[in-house]
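Sequential numbering of the sequence shown, starting at 97, is according to our numbering.
Ideal Cβ placement from N, Cα and C applies to all residues, glycine included.
These numbers were taken from a predicted model, which means no experiment stands behind them.
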Amino acid sequence: MKEPMPTAVISLFEEVFPACRSILEGGTWQRLVTACGDNPAPEAFFCVVARESDSAGIPAYLSELVRLEAARHEVARSEVSLEHRPAVQEVNPTLRLFQSAWKNLACLLDSPGQAAAHAPEPGEEIIVLWKEPRTGVCRARAATSEDLLVLKMTAEQIPPEKVLETGGMSAAALEGVTARAVRRGIILAPESRIRRDPDRLSEVITTGEQYVTARVFTLQWHVTQACDLHCKHCYDRSERPCLDLGQAVAVLDDLKSFCRMHHVAGQVTFTGGNPLLYPHFRELYEETCRRGFGTAVLGNPSRRDAVEGLLRIQKPGFFQVSLEGLEAHNDEIRGKGHFRRTMDFLAVLRDLGVYSMVMLTLTRDNIGQVIPLGRFLQGKADVFHFNRLALVGEGAKLHLPSKAEYALFLEEYLRAAGDTPVLGLKDNLLNILREKQGLEPFGGCAGFGCGAAFNFLALLPDGEVHACRKFPSPVGNVLRQPLAEIYHSEAAALYRAGSAACASCRLRPVCGGCLAISHSFNLDIFRDRDPFCFRDVPGEKA
């Protein structure tokens, strides 16, 4: 009588071949496993399946699935360390390319019960297997042309410029392909050098690294002061000359160098004034896209053909316009007819497939219109945000609500956001309420709380650089200094650190208040906390 197969061998096969086990009927699985005798090697199971491939109950693709699961098990057992950050971009050392004679096999690994929905079919397919650096989990997916391109570029150290010479892909698309491969962990990239100083953070919130290290750096570029509006809260109507096109292109090259030096992707957000009134805007936009930067526009309602012209070059990540309340109040601030022009323009953006943002500058006079406006915009805009008014420039003539009024408003706004998806979260102080409610924090104003001189800088038309555009915060000038020198200057470091009063707060990575608001109240922005902060701080009067 034949000895029963050892339990340890059965368990091993079930561990290595879970998809096969799920697909096969119990009797068929048991028969195949038993035929391996006491040999626990995955190769033994493959030989048995190959020999029995014509038997009833065994799918034609099963032997190929056995090979794939054995390869996945081998990758999962890899002891290669993924904790290091390479000095240059490199292929994940655990990665393996599996050449398959069947398509859709990878779908069965995670969902073997979906064999009918993702039926394997004969045909060559390359499957990528790798361990995720963050989780250590083994992943598998059918390799796309994007995957193979970035793997070839990385393995052979082919410069992006060489790939772009073929004309098959834009620089921005190539940047996107690489970024996606890095996010998946197929490619390992150097550590971003845009990182909060850990010595200035007493406690990192539980969600950790995502709010400490930035992987995208944004240049908020006010390319012109020219504007077709004259809003009552405008923070700067000063006359500033624009950079000529040659100077502007030099800024882009400097930004490219900065991003490479700091191992981050670059984003250029064009604003003004109205950026589309910059005399060389189309050429500058094209040069920006040619260098692989992401783009966005903060502007005024524009002609459809102006947006279509941008789309022929590269779709912006978003186009932001502003409204200051419902129609009557908005038009009092921004000019008669502005509300309806904006609504018409939002319809154009939706028709063209451009992500639309609406921004409101919150004051004492429009605080009661914020939520009604947001609800009105549901289905008409992709997201609606508000910022508190900075009392600078012409905005100094207006007023903010009281601290108590604002705290109550934030509670109401957060409740409304629960059933009105267009209401976006932006103000850092909303994280105080989320903390009280036991909710995970969100990224705050710039994704890292106050991002002044951290993951963005503001560039004015004449080359002057500020930590934040909402209040005077000069840190350098691109006509006299490279961006890297400006970014690492003592002046920028002060704004980046923010208020000392926030340093001991566990919410600092996602908050830090608003320096522009502190400036508005004549406070010491480097010592005092946001005057609207309502988080209880031991030993301090709220």
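Check	Outcome
Inter-stretch contact at 8 Å, needing at least 3 Cβ pairs: the stretch 612-622 / the stretch 553-568	yes
Residue closest to Gly-390, alpha-carbon to alpha-carbon, out of Pro-375, Gln-410 and Val-606	Gln-410
Buried/exposed call for Thr-459, threshold 16 Cβ in 10 Å	buried
Sequence-distant residues of the same chain with beta carbon closer than 7 Å to Cys-338, five excluded per side	Val-319, Thr-320, Tyr-374 and Pro-557
Cβ neighbour criterion (16 or more within 10 Å) applied to Met-357	exposed
Cβ pair Leu-204, Asp-350 closer than 8 Å	no
Beta carbon of Val-145 nearer than 8 Å to that of Leu-128	yes
Three-state class that DSSP yields for Met-439 in the structure shown	helix
Under 8 Å between C-beta atoms of His-359 and Pro-286	yes
Val-561 - partner residues in DSSP beta bridges	Leu-555 and Gly-572
CB contact flag (Leu-555, Val-571, <8 Å)	no
Start-to-end residues for the beta strand (DSSP E) that takes in Val-393	390-394
For Pro-218: DSSP bridge partner residues	Trp-198
Three-state class that DSSP yields for His-359 in the structure shown	coil
Sub-8 Å separation of His-329 and Leu-494 beta-carbons	yes
Contact set for Gln-416: own chain, Cβ-Cβ below 6 Å, skip 5 residues either direction	Leu-394, Met-453 and Met-455
Beta-carbon contacts of Asp-624 that lie in its chain and below 8 Å, excluding the five residues immediately before and after	Ser-595, Ala-597 and Ser-614
Proximity test, Ala-239 beta-carbon vs the ligand FAD heavy atom, cut-off 7 Å	Inclusion of the ligand FAD in the displayed structure is not the case, the ligand content being empty and no account of it being possible.
According to DSSP, residues forming a beta bridge with Ala-481	For the record, residue 481 in the displayed sequence is His; it is not Ala. His-481 pairs with Met-455.
Rounded straight-line distance, which links the Cα of Gly-362 to that of Lys-352	7 Å
Cutoff 6 Å; reference Leu-603; Cβ partners in own chain excluding five residues on either side	Asn-527
Cut-off 6 Å between Cβ atoms - residues of its own chain near Ser-418, not counting five sequence neighbours on either side	Met-455
Beta-carbon separation (whole angstroms), Ala-322 vs Gly-263, contact threshold 8 Å	Contact doesn't hold; Cβ gap of about 35 Å is too wide.
Helix, strand or coil at Cys-116 [DSSP, three-state]	helix
Residue nearest to Thr-438 in terms of C-alpha spacing, selected from Pro-397, Ala-477, Glu-139 and Leu-407	Pro-397
Closest by C-alpha distance to Ser-196, when choosing among Thr-365, Ala-239 and Ala-152	Ala-239
Helix, strand or coil at Ala-638 [DSSP, three-state]	Interpretation of Ala-638 is limited by its pLDDT of 42, a score under 50 that renders its predicted location unreliable; no figure is taken from the coordinates.
Unbroken beta strand (DSSP E) run spanning Phe-313, endpoints	312-318
Segment contact flag, the stretch 264-276 with the stretch 164-179, C-beta cutoff 8 Å, min 3 pairs	no
Residue interval of the alpha helix (DSSP H) (run including Ser-159)	158-172
Continuous alpha helix (DSSP H) assignments of at least 4 residues falling wholly in the stretch 401-433	423-430
Selected residue, minimal CA-CA separation from Val-403, among Arg-192, Arg-378, Arg-471 and His-180	Arg-378
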